[in-house]
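Peer 1:
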Amino acid sequence: MDAIDTVLTTATNDSSSRRLFVRGFLALTPLWIGAVPTGVAYGLAAREAGLTLGETQLMSLAVFSASAQISAVSLIDERAPVVMLALTATALNAHLLLLGLTIGRATRASRRLRLAAAFFLTDGAYGVALSAGRVTLPSLLGAGVSMFIAWNIGTAIGATAGGAVPDPRGLGIDVIAPLIFLVVLVPLVRTRAAVQAAAVAGASALCLAQVAPAGTAVLGAGLLGGIAGALGSGRGRTDVATTIAADKGGAG
Amino acid sequence: MNIVGAVLVMAVGVYAVRLGGLLHAGRSLPAASVRVLHLVPVATLTALVTISLASRPEEVGLRLPAAVVAAVVAYRTGRAWLCIVAGLTSYWLLRLV
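Residue numbers (our numbering), protein chains in the order written: chain A, 1 to 252; chain B, 1001 to 1097.
Okay, structure coming up:
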């Protein structure tokens, strides 16, 4: 009876995980309306910066982060070294460390499922999975896969179209990069601490760009702004969940 | 620059951050670190917008108004595609003037 109970429990868990995965996948599909055009814009910007179709698509398949990819395109255009690209990409996704800690504490999922779900962890997937009440890794994985597909479809369209445009810089396609940064940034600036962080970062970036390469200026300003905002937040003891709940918003 | 190599290095860095929290759920971070980590993306994005706009000083008069329009649209509608279309349209219209 123990073996039968184990099989039934495993089968029940598997079918319930599959249901949660499908539910998460479908719940995210309304966000395709934002993800696909942003992917198109990234594809166009990447081609304008000189990346090939394959390189553009590879970045979406391997990195899967709008802000990190657009920053990389922008920094490649400025001839920043590879280490700056990697550090900037990591800095732009630093908050996902906090999301991961929150989710990880609330679930008993296997190590294998955590390794898989981690690749697809984004703000959008987390928000959609949370909207169902309690975040489970299967639903997070489903939402993440859905976002991944939309992002890569958009990238493919933009990268293909970008190759057909004869003079993208002449058309000002490179202005897309700061616009995409704004799409992600504006929803995040909703507290005094965030405004303070943004103000210090903007001023620091202008000053640092006079004496340092673009990549170094971005990282330095990002760190200075983060510290300034944290110092001015005026909170006492703060845990991860409280910080995220108070300031949740935006896309990755 | 070896783009494929750069992409792979970036991919490892981003995955490490995503995985770090999920794998180390039993740990706690100092409150100050949590506050800084939470605000670094805001600050980094602002720095990127600033440097991106300032990198073409001859077009600041075109790009800055377009960025303001895009930011307002993003704030009012929350729709990414609308923000990008509004910003690009503003930029192109200003170029015609």
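Just so you know, even glycine gets a beta-carbon here, dropped at the ideal spot from N, CA and C.
Residue 202 of chain A CB to nearest chain B CB: under 9 Å?
Peer 2: By 1-based counting over the first sequence, the position of residue 202 of chain A is 202. Yes, residue 202 of chain A counts as interfacial toward chain B.
Peer 1: Please report the straight-line C-alpha distance between residue 129 of chain A and residue 28 of chain A, rounded to a whole angstrom.
Peer 2: Taking the first sequence and counting its residues from 1, the one referred to as residue 129 of chain A is at position 129. Taking the first sequence and counting its residues from 1, the one referred to as residue 28 of chain A is at position 28. Approximately 8 Å between the Cα atoms of the pair.
Peer 1: Is there contact here, the region 1020-1034 of chain B with the region 100-113 of chain A, by at least three beta-carbon pairs under 8 Å?
Peer 2: The region 1020-1034 of chain B vs the region 100-113 of chain A: in contact.
Peer 1: Would you say residue 1018 of chain B and residue 61 of chain A are within 9 Å of each other, going by their C-beta atoms?
Peer 2: Indexing the second sequence from 1 puts residue 1018 of chain B at position 18. Indexing the first sequence from 1 puts residue 61 of chain A at position 61. No, these two residues do not count as a Cβ contact at 9 Å.
Peer 1: What residue range is occupied by the uninterrupted alpha helix (DSSP H) comprising residue 111 of chain A?
Peer 2: For the purposes of this step, residue 111 of chain A is taken as the residue at position 111 of the first sequence. Start and end: 111-119.
Peer 1: Are any of the Cβ atoms in chain B nearer than 9 Å to that of residue 17 of chain A?
Peer 2: As a working mapping, residue 17 of chain A is identified with position 17 in the first sequence. Not one chain B Cβ lies under 9 Å of residue 17 of chain A.
Peer 1: So residue 1066 of chain B packs on residue 1094 of chain B, CB below 8 Å; how close in whole Å?
Peer 2: On the second sequence, position 66 is the one that residue 1066 of chain B refers to. On the second sequence, position 94 is the one that residue 1094 of chain B refers to. Yes, residue 1066 of chain B and residue 1094 of chain B are in contact; Cβ-Cβ is about 7 Å, under 8 Å.
Peer 1: Is the beta carbon of residue 107 of chain A within less than 8 Å of some heavy atom of the ligand GTP?
Peer 2: Questions concerning the ligand GTP fall outside what the structure shown contains, since it holds no ligand whatsoever.
Peer 1: Is residue 49 of chain A helix, strand or coil by DSSP?
Peer 2: Locating residue 49 of chain A in the first sequence gives position 49, counting from the first residue. Here residue 49 of chain A sits in coil by DSSP.
Peer 1: Going by C-alpha to C-alpha distance, which of B:1047, B:1077, B:1059, B:1004 sits closest to residue 201 of chain A?
Peer 2: Against the first sequence, residue 201 of chain A aligns to sequence position 201. The shortest Cα separation from residue 201 of chain A among B:1047, B:1077, B:1059, B:1004 belongs to B:1047.
Peer 1: So, for residue 143 of chain A: in the same chain, excluding its five sequence neighbours on each side, which residues have a beta-carbon less than 7 Å away from its beta-carbon?
Peer 2: On the first sequence, position 143 is the one that residue 143 of chain A refers to. These residues qualify, in order along the chain: 24, 25, 27, 28, 125, 128, 129.
Peer 1: Taking 9 Å as the cut-off, decide whether the C-beta atoms of residue 84 of chain A and residue 187 of chain A are in contact.
Peer 2: Indexing the first sequence from 1 puts residue 84 of chain A at position 84. Indexing the first sequence from 1 puts residue 187 of chain A at position 187. No. Outside cutoff.
Peer 1: Name the chain B residues that come within less than 9 Å of residue 93 of chain A, Cβ to Cβ?
Peer 2: Within the first sequence, the letter at position 93 stands for residue 93 of chain A. Residues of chain B passing the Cβ test: 1013, 1014, 1017, 1018, 1041.
Peer 1: State the DSSP-derived secondary structure class of residue 194 of chain A, mapped to helix, strand or coil.
Peer 2: As a first step, residue 194 of chain A must be located in the first sequence, where it is residue number 194. Correct three-state label for residue 194 of chain A: helix.
Peer 1: Is the distance from the Cβ of residue 136 of chain A to the Cβ of residue 208 of chain A below 9 Å?
Peer 2: To locate residue 136 of chain A, count along the first sequence from 1; it is residue 136. To locate residue 208 of chain A, count along the first sequence from 1; it is residue 208. Not a contact, by the Cβ cut-off of 9 Å.
Peer 1: Can you pull the chain B neighbours of residue 97 of chain A, defined as C-beta to C-beta under 7 Å?
Peer 2: Residue mapping note: residue 97 of chain A aligns to position 97 of the first sequence, counting from 1. The answer, in chain order, is 1017, 1020, 1021, 1037.
Peer 1: Shorter than 9 Å from the beta carbon of residue 59 of chain A to some beta carbon of chain B?
Peer 2: By one-based count along the first sequence, residue 59 of chain A stands at place 59. Taking Cβ atoms only, chain B reaches closer than 9 Å to residue 59 of chain A, which makes this a yes.
Peer 1: Once DSSP output is grouped into helix, strand and coil, what is the label at residue 216 of chain A?
Peer 2: Reading the first sequence from its first residue, position 216 is the one you call residue 216 of chain A. Helix, per DSSP.
Peer 1: Does any C-beta atom of chain B lie closer than 9 Å to the C-beta of residue 181 of chain A?
Peer 2: As a working note, residue 181 of chain A is residue 181 in the first sequence. Chain B, which has a Cβ nearer than 9 Å to the Cβ of residue 181 of chain A, makes this yes.
Peer 1: Whose CA, out of B:1008, B:1003, B:1001, lies closest to the CA of residue 64 of chain A?
Peer 2: For the purposes of this step, residue 64 of chain A is identified with residue 64 of the first sequence, where counting begins at 1. That would be B:1008, whose Cα lies nearest to the Cα of residue 64 of chain A.
Peer 1: In three-state DSSP terms, what is residue 1029 of chain B?
Peer 2: The sequence position of residue 1029 of chain B within the second sequence is 29, counting from 1. Three-state result, residue 1029 of chain B: coil.
Peer 1: Give me the Cα-Cα distance between residue 52 of chain A and residue 163 of chain A, rounded to the nearest whole angstrom.
Peer 2: If you number the first sequence from 1, residue 52 of chain A lands on position 52. If you number the first sequence from 1, residue 163 of chain A lands on position 163. Rounded to whole angstroms, residue 52 of chain A to residue 163 of chain A spans 8 Å at the Cα level.
Peer 1: Mind pulling the chain A residues with CB within less than 8 Å of residue 1049 of chain B?
Peer 2: Here residue 1049 of chain B corresponds to residue number 49 of the second sequence, with the count starting at 1. Those are 178, 181, 182, 185, 202, listed as they occur along chain A.
Peer 1: Can you check whether the CB of residue 82 of chain A is closer than 9 Å to the CB of residue 1006 of chain B?
Peer 2: Within the second sequence, numbered from 1, the residue matching residue 1006 of chain B stands at position 6. Within the first sequence, numbered from 1, the residue matching residue 82 of chain A stands at position 82. Their beta carbons are under 9 Å apart, which means residue 1006 of chain B touches residue 82 of chain A by this criterion.
Peer 1: Does residue 37 of chain A come within less than 9 Å of chain B when only Cβ atoms are used?
Peer 2: Start at 1 with the first residue of the first sequence, and residue 37 of chain A comes out as number 37. It does; some Cβ of chain B falls within 9 Å.
Peer 1: For residue 106 of chain A, which three-state DSSP category applies?
Peer 2: For the purposes of this step, residue 106 of chain A is taken as the residue at position 106 of the first sequence. Residue state, collapsed to three classes: helix.
Peer 1: Please confirm if residue 1060 of chain B has its CB atom under 9 Å from at least one CB of chain A.
Peer 2: Along the second sequence, read from residue 1 onward, the residue named residue 1060 of chain B stands at position 60. Taking Cβ atoms only, chain A never reaches closer than 9 Å to residue 1060 of chain B, which makes this a no.
Peer 1: Leaving out five residues before and five after residue 41 of chain A in sequence, what residues of the same chain have Cβ atoms less than 7 Å from its Cβ?
Peer 2: Here residue 41 of chain A refers to the residue found at position 41 when the first sequence is read from its first residue. Cβ neighbours of residue 41 of chain A beyond the five flanking positions: 158, 176, 180.
Peer 1: Whole angstroms are fine: how far does the CA of residue 67 of chain A sit from the CA of residue 151 of chain A?
Peer 2: Stepping through the first sequence from its first residue, residue 151 of chain A is reached at position 151. Stepping through the first sequence from its first residue, residue 67 of chain A is reached at position 67. Rounded to the nearest angstrom, the two C-alpha atoms are 12 Å apart.
Peer 1: So which residues of chain E does residue 34 of chain A contact, with C-beta pairs closer than 7 Å?
Peer 2: No chain E is present in this structure, whose protein chains are A and B.
Peer 1: Pull up the distance between the alpha-carbon of residue 228 of chain A and that of residue 219 of chain A, whole angstroms please.
Peer 2: Here residue 228 of chain A refers to the residue found at position 228 when the first sequence is read from its first residue. Here residue 219 of chain A refers to the residue found at position 219 when the first sequence is read from its first residue. Between residue 228 of chain A and residue 219 of chain A, the C-alpha separation is close to 14 Å.
Peer 1: Would you give the residue range spanned by the alpha helix (DSSP H) that residue 1106 of chain B belongs to?
Peer 2: One cannot answer for residue 1106 of chain B here, as it falls past the ends of chain B, which runs 1001 to 1097.
Peer 1: Can you give the Cα-Cα distance for residue 191 of chain A and residue 232 of chain A, rounded to whole angstroms?
Peer 2: Locating residue 191 of chain A in the first sequence gives position 191, where the first residue counts as 1. Locating residue 232 of chain A in the first sequence gives position 232, where the first residue counts as 1. If I take the Cα positions, the gap works out to 11 Å.
Peer 1: In this structure, how does DSSP classify residue 79 of chain A when only helix, strand and coil are distinguished?
Peer 2: Within the first sequence, numbered from 1, the residue matching residue 79 of chain A stands at position 79. Coil, per DSSP.
Peer 1: Between the C-alpha atoms of residue 223 of chain A and residue 1043 of chain B, what's the straight-line distance to the nearest angstrom?
Peer 2: Within the first sequence, the letter at position 223 stands for residue 223 of chain A. Within the second sequence, the letter at position 43 stands for residue 1043 of chain B. The straight-line gap from Cα to Cα measures roughly 7 Å.
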